[in-house]
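Engineer:
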Amino acid sequence: MPSTFPVFDPASPQAESIRDLFVQVLFISAVIFAIVSGLICMALVKFRSQETLPAQDFGSHKREIAWIVGPVIVVVWIAAISIKLILTVNALPPQYAKGESAGNSEVDIFVTGHQWWWEVEYAGSGIVSANEIHIPTGKKLRVKLQSDDVIHSFWVPQLSRKMDAIPGHENYIWLEADTPGVYQGRCAEYCGTQHAWMNFQVIAHDDSDFAAWQQQEEKVAPTPTTGQAAAGAELFMKLTCSQCHAISGTNAKEDFAPNLTHLAGRREIGAGAITYSPENLRTWLANPQAIKPGCKMPNFKLSDEHLDQLVAYLEILR
Numbered sequence: 001m002p003s004t005f006p007v008f009d010p011a012s013p014q015a016e017s018i019r020d021l022f023v024q025v026l027f028i029s030a031v032i033f034a035i036v037s038g039l040i041c042m043a044l045v046k047f048r049s050q051e052t053l054p055a056q057d058f059g060s061h062k063r064e065i066a067w068i069v070g071p072v073i074v075v076v077w078i079a080a081i082s083i084k085l086i087l088t089v090n091a092l093p094p095q096y097a098k099g100e101s102a103g104n105s106e107v108d109i110f111v112t113g114h115q116w117w118w119e120v121e122y123a124g125s126g127i128v129s130a131n132e133i134h135i136p137t138g139k140k141l142r143v144k145l146q147s148d149d150v151i152h153s154f155w156v157p158q159l160s161r162k163m164d165a166i167p168g169h170e171n172y173i174w175l176e177a178d179t180p181g182v183y184q185g186r187c188a189e190y191c192g193t194q195h196a197w198m199n200f201q202v203i204a205h206d207d208s209d210f211a212a213w214q215q216q217e218e219k220v221a222p223t224p225t226t227g228q229a230a231a232g233a234e235l236f237m238k239l240t241c242s243q244c245h246a247i248s249g250t251n252a253k254e255d256f257a258p259n260l261t262h263l264a265g266r267r268e269i270g271a272g273a274i275t276y277s278p279e280n281l282r283t284w285l286a287n288p289q290a291i292k293p294g295c296k297m298p299n300f301k302l303s304d305e306h307l308d309q310l311v312a313y314l315e316i317l318r
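Sequential numbering of the sequence shown, starting at 1, is according to full-length UniProt numbering.
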């Protein structure tokens, strides 16, 4: 179940440092606000009924020093916890030698923002997915962020800071989870009509579950030979589906739209627009624009027979 206030429920050292900084700055600000408000209220009450001006106080060196020392302590303390945050967020994980830069070649996951979905590619394995990032717990992974169109912003409140994905510019971020679970991510930069439905999930596994997931994802998509699934596979290639979507082991190679190799194993459709189920998949194929207006997938006005065939085929892609 997603956390109601994810920023206050950190599940990684980076997110915990961000939460701690926010809480401490909020507390310090609240104390300053209370002191200033209290002094104003005291002055209003104490001098409200006086008809003459109160005795003028031109200050003293002791009070001036006290007023200077207090803010200096506050600023130094905020600077100290901010430095701690920066060091925690940018710290190299144990797999890199001390003092050795990770370098641009040491990337674990490539994430590309599109209008309006996220492409996810795992370095070295050839696994390509969409809108789901699977990671092992307790391991700090380096993610390379890029954009294919406009500026997007990658944010998983329980795991990491925000980082922009900018066209023509590469950004990097560390991603880590302390415990297994599903962590909600969002695009935090307005990027067009369906910005609100450009969500993704980070799914953290223990080592054995992650290995099993990885093994499943490395499998080539099955090729049906009979029934509606076979008819759906043939229809997929005849229509323009294969000109946008890729499916491993087939002639569908394009990556304009999400890779569908293991579509039926995902949790959501349309970057969080609806949950995955055969019924919802059929509804999406019937008219994507009714669910996610402005998305790049048009309404192909498919017949009921064609919808049944396509759903039967896509359902075996696990």
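Don't be surprised by glycine CBs; every beta carbon is placed ideally from N, CA and C.
Which residue marks the beginning of the beta strand (DSSP E) containing residue 205, and which one marks its end?
Structural biologist: As a position in the sequence shown, residue 205 is number 205, starting the count at 1. Per DSSP, residue 205 belongs to the beta strand (DSSP E) from 199-205.
Engineer: Taking buried to mean at least 16 other C-beta atoms within 10 Å of its own C-beta, is residue 169 buried or exposed?
Structural biologist: Taking the first residue of the sequence shown as 1, we reach residue 169 at position 169. Exposed, since its Cβ has fewer than 16 Cβ neighbours within 10 Å.
Engineer: Consider the Cβ of residue 312: report whether some Cβ of chain C lies at a distance smaller than 9 Å.
Structural biologist: Checking the listed chains, one finds no chain C in this structure; it contains a single protein chain.
Engineer: Can you list the alpha helix (DSSP H) stretches of 4 or more residues lying completely in the segment 206-236, in chain order?
Structural biologist: 207-217
Engineer: With a cut-off of 8 Å on the beta carbons, I'd call residue 15 and residue 208 a contact; round off their distance for me.
Structural biologist: Walking along the sequence shown from the start, residue 15 turns up at place 15. Walking along the sequence shown from the start, residue 208 turns up at place 208. With a Cβ gap of about 25 Å, residue 15 and residue 208 do not count as contacting.
Engineer: Buried or exposed: where does residue 234 fall if 16 or more other Cβ atoms within 10 Å of its Cβ makes it buried?
Structural biologist: As a working mapping, residue 234 is identified with position 234 in the sequence shown. So residue 234 counts as exposed.
Engineer: Using the Cα positions of residue 10 and residue 140, report the straight-line distance between them to the nearest angstrom.
Structural biologist: Residue mapping note: residue 10 aligns to position 10 of the sequence shown, counting from 1. Residue mapping note: residue 140 aligns to position 140 of the sequence shown, counting from 1. A straight-line Cα-Cα distance of about 15 Å links residue 10 and residue 140.
Engineer: Select from 230, 231, 232, 261 the residue whose C-alpha is nearest the C-alpha of residue 245.
Structural biologist: As a first step, residue 245 must be located in the sequence shown, where it is residue number 245. Restricting attention to 230, 231, 232, 261, the CA atom closest to the CA of residue 245 is found in 261.
Engineer: Residue 177 and residue 109 - do their beta-carbons sit closer together than 9 Å?
Structural biologist: To locate residue 109, count along the sequence shown from 1; it is residue 109. To locate residue 177, count along the sequence shown from 1; it is residue 177. Going by C-beta atoms, residue 109 is not nearer than 9 Å to residue 177.
Engineer: On a Cα-Cα basis, can you pick out the residue from 317, 250, 239, 251 that is closest to residue 277?
Structural biologist: For the purposes of this step, residue 277 is taken as the residue at position 277 of the sequence shown. Residue 317 is the option with its Cα nearest to residue 277.
Engineer: From the DSSP output, read off the bridge partner residues of residue 56.
Structural biologist: For this step, residue 56 is matched to residue 56 along the sequence shown. Note: residue 56 sits in no beta bridge, so no partner.
Engineer: Compare the Cα-Cα distances from residue 131 to each of 144, 138, 116 and report the closest residue.
Structural biologist: One-based indexing of the sequence shown puts residue 131 at position 131. When each option's Cα is compared against that of residue 131, the closest is 116.
Engineer: Identify every run of the alpha helix (DSSP H) within the UniProt domain "Cytochrome c" (227-318), keeping only runs that are complete inside it and at least 4 residues long; order them along the chain.
Structural biologist: Taking only runs of at least 4 residues, the alpha helix (DSSP H) segments lying wholly in the UniProt domain "Cytochrome c" (227-318) are 227-238, 278-286, 288-291, 304-315.
Engineer: Could you compute how far the alpha carbon of residue 78 sits from the alpha carbon of residue 45?
Structural biologist: Within the sequence shown, residue 78 is the residue found at index 78, counting from 1. Within the sequence shown, residue 45 is the residue found at index 45, counting from 1. When rounded, the distance between both Cα atoms is 34 Å.
Engineer: List, from N- to C-terminal side, the beta strand (DSSP E) runs of 3 residues or more that fit wholly inside the segment 100-141.
Structural biologist: 109-114, 117-122, 128-130, 132-136
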